[in-house]
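Numbering (my numbering), first residue to last: 71 to 680.
These notes concern the structure reproduced below.
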Amino acid sequence: MRIKYILLFLAFTFCLPSCTEDIQDVNEEQEVVEEEEEEEEEEEEEEPQSNYDPVTFANNFGNDVSRSFIGSIVDSNNVPLEGVAVSIGSSSFTTDINGIFLAENVTIKERFTYIRASKSGYLFASRSLVPNEGTNKVRIMMLPETVVGSTSSGIQETISLPNESSVTLQGDYIKDNGGSYDGNVDVIIHFLDPVNENIQDQMPGMLYAADTDNQERVLQTFGMLVVELRGENGDHLNLAENSTAEIKVPIDTNLIADAPDTIPLWYFNETHGYWVQEGEANLVGNYYVGTVSHFTVWNYDIDEEAVVLCFNVVDTDGNPINGLNVEVSSGFGTFSGTTDGAKCGFVPANTALELIILLPYACSNEVIYTTSIGSLSEDTTIPDIEVDSQALNVENITGSLSTCTGSPITTGYAVVSNEGQNIYEYVTDGTFSVDIVKCNSDTFTIIANDPDNILSTGELTFDFTSPTTDVGNLSACSDLAEFISYQINDDPVFTHTIPDPIWVERYINESTNDDYLWFLIDSWQYDDYNFTFSLAINNFPDSVGVYDSNDYDIFIFIIDEIRNTANADYTNITIEITSYGNVGELIEATFNATGETYNITGSLKTYRDN
């Protein structure tokens with residue numbers, strides 16, 4: 071379109087010297103030309119109109135269905151993250167000491183699920199998927215809020231990573247509330263490399279997008295850039311209205327031959343969980359350079375029409391095989407994942423597809439199976455793919471899981487680990503059966519948890535007895551060192567179980583002389599504080615007993631991604647302290663709060679810090 075406007079402009083200017091009208095006609099024609107040139111210049115500056123509308127696009131997601139999930143959330147070093155606030159639809163959860171969350175019978179859409187994860191010190195993370203009818207297994211890797219450079223309002227500056235990914239800022243910023251910002255700015259940047267084996271875990275959502283006409287698209291990425299701005303008080307900042315920034319990413323040498331000269335830009339919509347087309351970038355040497363007007367995660371992608379492909383990889387007895395790497399390849403690109411029962415995902419339509427199955431990375435990632443799928447014009451489920459489990463060294467691990475009193479655990483999980491592989495199994499009837507590919511080690515470990523009673527088996531080690539190993543009954547009786555657990559209304563129970571999760575102290579406010587016993591969890595940012603849970607009793611008499619807000623000054627404050635609950639909401643708060651010691655000794659308590667909007671019940675076990 072820009073080329074068309076430029077050509078029109080040249081045509082008009084070329085005509086002028088050859089005209090022989092009188093001076094008045096020439097002047098009139100010049101005025102007309104100038105007006106037309108001004109209109110063309112205005113049109114030239116306009117971006118192509120987008121008809122994107124999230125309400126219209128959501129019509130692609132299908133009907134409401136009920137599905138269950140088990141998820142693992144880790145940091146960039148694969149260390150489990152406890153205390154991550156997780157939301158799926160309108161339901162909220164939190165990860166435990168193993169970085170695991172359980173979500174049973176959550177209402178979602180049949181073709182699209184969006185899972186959000188938040189924790190202080192880490193960037194917002196997410197996963198989108200096409201849910202299957204069994205238990206959906208999810209893995210998310212959260213990136214740290216690492217500042218790579220700083221600038222100030224009013225200053226144009228380029229902030230770069232060592233690989234020369236960069237953002238060039240003009241110096242005009244606003245706060246999240248829309249107010250202008252003047253001051254120092256910290257810049258957080260992460261480059262997400264499409265050839266990195268962790269890209270599927272690190273990137274937000276999935277490679278699924280809405281184009282400018284609300285059509286479903288599947289993407290092939292040439293790189294993603296995460297840019298976040300922070301003010302002096304931790305404020306989240308963005309570009310001011312009418313301000314732009316230039317973003318640049320390197321293209322991997324393995325992709326440069328396929329990189330088009332101009333490529334669409336897509337931003338991740340953190341509200342809805344998919345990519346949205348906006349603008350484009352140009353290939354300059356071995357880099358893509360584009361201009362953006364706001365910050366989120368930006369993606370450099372070519373796109374194709376999207377359809378859903380579902381398949382299942384099973385052994386000769388029809389049992390699903392877990393932990394194999396799987397790729398769906400076409401001339402458009404490769405889409406990868408890990409088998410964990412039935413698998414569904416978006417692939418390019420009307421394109422010849424090949425499905426490739428590989429051993430886990432711990433077992434060399436060798437190709438063991440390939441098959442041609444052909445091209446698909448609509449959502450398709452192909453027949454089960456049967457793989458010889460004996461040739462793969464697939465081991466079956468079975469057992470039962472009970473509470474300390476011997477009752478079957480109905481809401482729990484088991485994690486089977488071998489040579490870097492971690493297979494998670496949701497336990498709902500007190501039994502579990504897990505398939506895992508044996509590489510070289512003759513042993514494996516199991517950790518099983520009983521979240522309802524906040525108890526664990528601890529880590530147990532077993533020898534493989536091929537092809538099936540029955541570990542017998544595992545009792546979750548190990549008392550976790552510290553925890554806090556609470557439930558708001560009928561929401562799922564939140565449980566925090568990291569080592570020393572709660573800071574407990576006798577706190578004296580020097581200006582008022584108030585003397586509080588204060589419990590605090592440091593895992594969520596709110597204004598100048600970082601916490602999810604705060605509970606305090608003023609003028610606490612250093613003894614066990616029942617304390618009621620009718621007789622004591624008590625406050626409770628809970629924050630998560632869905633709600634903020636403040637003390638003013640509650641008509642009555644009661645805390646029963648059953649154990650209370652000196653610094654370093656145990657405190658145990660139960661509590662409840664009754665309010666107009668929220669009712670809270672909970673319990674805690676921790677050690678006094680001060």
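Quick reminder that beta carbons are idealized off the backbone N, C-alpha and C, glycines included.
- Residues bridged to glycine 141 by DSSP? Phe171, Val208
- Given aspartate 623, which residues of its chain have a CB within under 8 Å of its CB, disregarding the five upstream and five downstream residues? Asp584, Ile607, Asn608, Asn609
- Which one of Gly219, Ser162, Pro537 has the shortest CA to CA distance from isoleucine 259? Gly219
- Item | Boundaries of the beta strand (DSSP E) in which threonine 282 is found, first to last residue | Unbroken run through threonine 282: none, as it is neither H nor E.
- Reference alanine 376; option with closest CA among Val417, Gly393, Cys547: Val417
- Query: If you draw a straight line from the C-alpha of glutamate 107 to the C-alpha of asparagine 121, how long is it?
  - Reply: Residue placement at glutamate 107 is poorly supported in this model, since its pLDDT is 49, which falls under 50; the coordinates still yield a value, given next. Looking at the two C-alpha atoms, the distance is approximately 27 Å.
- Item | Rounded C-alpha distance that separates leucine 525 from cysteine 380 | 37 Å
- Message: Determine whether the beta carbon atoms of phenylalanine 292 and tyrosine 358 lie at a separation below 8 Å.
- Response: yes
- Query: What do you get for valine 255, buried or exposed, if any count of 16 or more other CB atoms within 10 angstroms of its CB means buried?
  - Reply: buried
- Apply the 10 Å Cβ neighbour rule to glycine 275 and answer buried if 16 or more other Cβ atoms are within range, or exposed otherwise. buried
- Message: Classify cysteine 433: buried if its beta carbon has 16 or more other beta carbons within 10 angstroms, exposed otherwise.
- Response: buried
- Decide if the stretch 543 to 559 is in contact with the stretch 638 to 652; the criterion is three or more beta carbon pairs, one per stretch, under 8 Å apart. no
- Item | When Val563, Asn352, Asp505 are compared against lysine 318, the one with the closest alpha-carbon | Asn352
- Item | Integer-rounded CB distance, given that isoleucine 210 should sit under 8 Å from alanine 195 | 5 Å
- Message: Could you compute how far the alpha carbon of asparagine 168 sits from the alpha carbon of asparagine 523?
- Response: 16 Å
- Query: What does DSSP give as the partner residues of valine 367 in its beta bridges?
  - Reply: Val296
- Task: Drop a sphere of 10 angstroms on the beta-carbon of glutamine 347, count the other beta-carbons inside from all chains shown, and report buried for 16 or more, exposed for fewer.
- Result: buried
- Query: By Cβ distance, which residues of its chain are closer than 7 Å to serine 146, with the 5 residues on each side in sequence left out?
  - Reply: Met211, Leu213, Pro214
- Query: Between proline 430 and the rest of its own chain, which residues show a CB-CB distance below 6 Å, the 5 nearest in sequence each way excluded?
  - Reply: Gly393, Gln491, Val507
- Message: Within a Cβ cutoff of 8 Å, which residues of the same chain sit near isoleucine 455, ignoring the five residues on either side of it in sequence?
- Response: Phe381, Asn382, Val383, Val384, Leu425, Ile427, Tyr439, Thr441
- Inter-residue Cα distance where the pair is asparagine 148 and phenylalanine 534: 25 Å
- Using the rule of at least 16 other Cβ atoms within 10 Å of the residue's Cβ for burial, across every protein chain shown, is leucine 656 buried or exposed? exposed
- Item | tyrosine 192 beta carbon less than 8 Å from that of glycine 343 | no
- Separation of glutamine 460 from proline 150, as counted between CA atoms: 32 Å
- Query: CA-CA distance, asparagine 662 and leucine 605?
  - Reply: 11 Å
- Task: Measuring alpha carbon to alpha carbon, tell me which of Pro478, Ser619, Leu239 ends up nearest isoleucine 225.
- Result: Leu239
- In terms of alpha-carbon separation, which member of Pro453, Gly528, Thr421 lies closest to cysteine 474? Gly528
- Starting from isoleucine 643 and walking both ways along the beta strand (DSSP E), at which residues does that stretch end? 640 to 649
- Pick from Val485, Asp499, Asn395 that is closest to serine 477, judged by C-alpha positions: Asp499
- Item | Assumed close pair isoleucine 626, isoleucine 643 - CB separation to whole angstroms, cut-off 8 Å | 6 Å
- Query: For glutamate 24, which of Gln272, Val125, Ser142, Glu152 has the nearest alpha-carbon?
  - Reply: Nothing about residue 24 can be read from this structure; the chain reaches only from 71 to 680.
- Classify glycine 672 as buried or exposed, calling it buried when 16 or more other Cβ atoms lie within 10 Å of its own Cβ. buried
- Query: Taking 7 Å as the cut-off, does the CB of serine 581 come closer than this to any heavy atom belonging to the ligand ADP?
  - Reply: Although the ligand ADP was asked about, the structure shown includes no ligands whatsoever.
- Query: Which one of Ile321, Phe514, Gln119, Asp458 has the shortest CA to CA distance from serine 235?
  - Reply: Ile321
- Item | Residues near serine 222 by beta carbon distance below 6 Å, same chain, minus five either side | Asn254
- Item | Minimum Cβ-Cβ distance from threonine 421 to chain D less than 8 Å | Protein chains in the displayed structure number just one, and chain D is not present.
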